[in-house]
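Report on the following structure.
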Amino acid sequence: MRRHVLYPMMAAIIVLILCATIIIGERSGFFLNPAKDTESEPSDDKLIVVGISQLGSESVWRTANTESIQNALSRENGYFAIFSNARQKQDNQIKAIRSFISQRVDYIVFSPCTEDGFENVLAEARDAGIPVILMDRTVNVEDDSLYVAHVGSDMKQEGIKAGIWLEQELWKRGRNEEDINIVILKGTEGSSAEIGRSEGFHEISKNHPNWKILAEVDADFTNTKAKEEMGKLLREFSDIDEVISQNDDMTFVAVAAMRSRCITTGIDGQVIVVSFDACHEALTMVYNGTINVDIECNPMQGEYVSQIIKKLENGESVEKENSVDEVVFTKENVLESLDSRAY
Ligand code: GZL
């Protein structure tokens with residue numbers, strides 16, 4: 098082969114080999130700049146060690162809440178997080194908190210499955226000098242020094258919002274004097290979410306003797322339990338006018354159970370459906386009219402928790418109660434939020 102052909106070919110092959118080597122090296126991190134790499138990550142002894150006791154993974158909402166706290170308390174943000182999923186068992190949460198105490202973490206972040214039964218373990222954490230931040234749900238304790246702050250929603254207000262929406266809806270439909278048969282799918286019995294939403298709704302319903310609450314059942318915020326309970330309610334009552342479902346996961350199965358019995362729901366349906374949480378899938382059902390209203394409960398609480406920890410690290414005071422912003426979604430306002438939804 099002539100040299101004026103061979104040499105350019107050889108040069109082209111060498112260039113190709115070099116390019117391939119650089120690309121592979123970059124992708125494998127082989128060429129990482131050690132100086133740059135250590136600068137971006139805090140050294141281990143500077144990390145804030147946080148024990149996170151999450152109550153479970155029972156709902157879409159909970160998954161978003163877990164992602165939010167794990168993203169906020171990341172190593173890049175200066176944390177070493179120890180995460181525990183209690184699978185909705187109080188004993189598991191108590192064990193996890195005791196484990197965090199024995200590991201002498203700097204902080205404990207805790208979403209209590211129920212309001213009662215945590216005084217002793219919280220006193221142990223306080224006596225060990227470990228600040229506890231409640232995330233999402235709250236605890237029912239005499240001594241509020243057992244936790245330094247709570248980040249979450251005003252659950253009772255959420256229940257009141259549901260009641261006020263129903264008052265307005267029945268008035269619009271000219272049904273404010275009519276007997277309205279209501280069933281309520283409640284969340285985990287004794288949780289601050291269930292207690293607050295129930296109390297809030299009753300605060301409004303007690304003003305309407307024509308609102309007949311046929312049954313309130315514990316469906317534990319899960320679709321499994323809600324399917325079982327809704328089936329029982331549909332077998333027992335043939336004239337339900339409204340379902341109040343205390344989270345979207347229960348709403349999904351309640352709507353499906355009614356549909357399977359040719360009962361329509363939502364704006365043009367036989368049964369009015371009120372849901373809580375406002376996850377993306379439920380908001381699409383609000384948009385298409387299958388669910389009448391969804392009372393938002395915002396799970397994106399991680400950043401709020403991180404800001405509280407950073408303030409405490411700087412010796413600053415923090416608010417005891419830190420509520421997250423929330424909206425009541427109906428067909429009229431849901432579209433503007435659908436695409437930007439984080440969960
Ligand atoms: C509310 C939260 C509830 C959600 C459910 O703050 O505790 O628990 O509404 C979740 O989806 O299971």
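Numbering (my numbering), first residue to last: 98 to 440.
Glycine included, every Cβ here is placed at the ideal spot set by N, Cα and C.
Rounded to the nearest whole angstrom, the CA to CA distance from K407 to C376 is 29 Å. Taken atom to atom, the span from the alpha-carbon of A178 to that of N344 is near 28 Å. Here N411 is exposed. Its C-beta has fewer than 16 other C-beta atoms within 10 Å. Cα atoms of S199 and R272: separation of roughly 59 Å, rounded to the nearest angstrom. Nearest in C-alpha terms to S403, of all of V370, S140, F215 and V147, is V147. Each residue's CA atom was taken as its position, placing A323 and A316 some 5 Å apart. When rounded, the separation of the alpha-carbon atoms in L243 and I227 is 10 Å. Minimum Cα-Cα distance from F180 among the listed residues I337, N237 and L152 corresponds to L152. The Cβ-Cβ distance between S414 and S372 does not fall below 7 Å. Distance from the CA of A312 to the CA of K258, rounded to the nearest whole angstrom, comes to 20 Å. With a cut-off of 8 Å on Cβ pairs, the region 186-203 is not in contact with the region 158-166, counting fewer than three such pairs. With contact defined as three or more Cβ pairs closer than 8 Å, the region 332-342 and the region 273-287 are in contact. The region 308-395 contains, as complete alpha helix (DSSP H) runs of 4+ residues, the segments 320-333, 345-357 and 377-384 (chain order). A direct Cα-Cα distance of roughly 16 Å separates V340 from G297. Here L380 has D391, F426, V431, S434, L435 and R438 as same chain residues with Cβ atoms under 8 Å from its own Cβ, once five neighbours each way along the sequence are excluded. Counting other Cβ atoms within 10 Å of its Cβ, T211 reaches 16 or more and is therefore classed as buried.
For the pair R223 and T160, the Cα-to-Cα distance works out to about 28 Å. In terms of Cα proximity to R270, the closest of D241, N419 and D365 is D365. With a threshold of 16 other beta carbon atoms within 10 Å, T321 falls short and is exposed. Shown here for G386: same chain residues with a beta carbon closer than 7 Å to its own, the five before and five after excluded, namely G363, I364, D365 and K428 in chain order.
Residue pairing by DSSP puts A178 in a beta bridge opposite V147. A heavy atom of the ligand GZL is found nearer than 6 Å to the CB of S156. Set against 6 Å, the gap from the CB of D224 to the closest heavy atom of the ligand GZL is not smaller.
Per DSSP, Y401 is not a residue of any beta strand (DSSP E); the alpha helix (DSSP H) it occupies stretches across G399 to E410.
Put simply, the backbone Cα of K417 is about 6 Å away from that of V245. Residue pairing for H247: DSSP places it in a beta bridge opposite L231 and E418. As DSSP reads the structure, I281 sits in a beta bridge with E313 and I341. A direct Cα-to-Cα measurement between V238 and I149 gives close to 20 Å. Ranked by Cα distance from D142, the options Y176, A169 and E400 are led by Y176.
In terms of Cβ geometry, E266 and R294 do not form a close pair [threshold 7 Å]. Separation of V368 and I360 (C-alpha to C-alpha, rounded to the nearest whole angstrom) is 7 Å. Around the beta carbon of K283, a 10 Å sphere encloses 16 or more other beta carbons of the protein chains shown; the residue is thus reported as buried. For the pair K186 and F207, the Cα-to-Cα distance works out to about 13 Å.
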